[in-house]
Each structure stands twice: as structure tokens, then as C-alpha cells.
Amino acid sequence: MARHLFLCPLRWSDMDADGHVHNAAHLRYLEESRIDLFWTRGFAGSNVVAQMDIDYLSPLRYRPRPVRIETWVTKIGRSSFALQQEIRDEDVVYSTATCTMVAFDQETQRSRPLADDQRILLEDLDA
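In case it helps, this note's numbering puts the sequence shown at residues 25 to 151.
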């Protein structure tokens, strides 16, 4: 039962007028972390985001070191799964998000059941 860790560099262009990482940039950072999770763990097949809920907890300001993004699985269904994600440092959580993803068949443009190998990978990340 492991969490996926992704170290995400901050970009100066992601800052808003107040010097914080813009709220939309949080969503991009979370997406980059999910893509890294799928690629590095060999999660084959297409899936789409069906729902994304995010809570902004503390301002994230630009700095030269990356921010940690932790991702883990909270639910596995027949064709969907839920990921919990945190953008954080050791002592501060900047935002938390829940992402519901659905396994997707590119040919039929419809949901499909999760494959056995996908289910095994997701179970390894199940908190």
C-alpha cells in the first residue's frame, strides 16, 4: 500500500498577481503527477477524468525547489477508480483533491471495465 510521490517544479509563469501559484496551475500539477504515476508504473490503456474536486488550503508561493505531490487510490470500481492527491511539503498541505477516473475505450468512446493488470496496479496504491 504505497503512495505515488511526484516532485513537481514550480514555474514562474504559474504565479498570479498576488504571487501565489494560480488555482488552475494546481490542477495542471495534479495532472502531471497522475501522468507520471501511469507512465512510471506501466498503467496501459486510456482513462478520462470524470470528476475533480479540489480544496485550496494554504497559499503556495514560487520557490526554486519542487513541491511534493502524493497520490493514492481510495476506491476501485468496475470501470472507475478514485484518486486522492495532496500538493504539500513536509509540514504544509497546500491543496487536496479527489479525482474520479473512468477506464475509456477509444474506439467506442464509452467506458470499459478495468483490466486485471490495471486493477492490480491500483490495489498496490490503495490506502
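Don't be surprised by glycine CBs; every beta carbon is placed ideally from N, CA and C. Predicted, not measured: the structure shown is a model, and the values here were computed from it.
> Since S82 and Y118 are thought to touch, with beta carbons under 8 Å apart, how far apart are those beta carbons, to the nearest angstrom?
Replying inline: 5 Å
>> Applying the 10 Å Cβ sphere with the 16-neighbour rule, what's the burial state of S57?
In response: buried
> In three-state DSSP terms, what is D113?
Replying inline: coil
> When the distance is taken between beta carbons, is L138 closer than 9 Å to I78?
Replying inline: no
>> Let's see if you can read the secondary structure: which residues bound the beta strand (DSSP E) around S70?
In response: 70–80
> Nearest-angstrom Cα distance between N47 and R89?
Replying inline: 19 Å
>> Which residue wins for smallest C-alpha separation from L29, given the options V91, T124, E131, C123?
In response: V91
>> Below 8 Å on the Cβ atoms is my contact criterion, and I expect L125 with V45 to pass it. Report the Cβ-Cβ distance as a whole number of Å.
In response: According to the sequence displayed, residue 125 carries Met and not Leu. With 8 Å as the limit, M125 and V45 do not qualify as a contact, their Cβ atoms being about 23 Å apart.
> When the Cα atoms are used, what is the spatial distance from L61 to C32?
Replying inline: 13 Å
>> One question on the structure: do V141 and V97 come within less than 9 Å of each other, judged by their Cβ atoms?
In response: Position check: residue 141 holds Asp in this sequence, whereas Val was assumed. Cβ distance not < 9 Å, so D141 and V97 don't count as in contact.
> Would you say T95 and Q75 are within 9 Å of each other, going by their C-beta atoms?
Replying inline: no
> Ordered along the chain, which non-local residues of its own chain (more than five positions away) have a Cβ less than 8 Å from that of Y80?
Replying inline: N47, H50, Y118, S119
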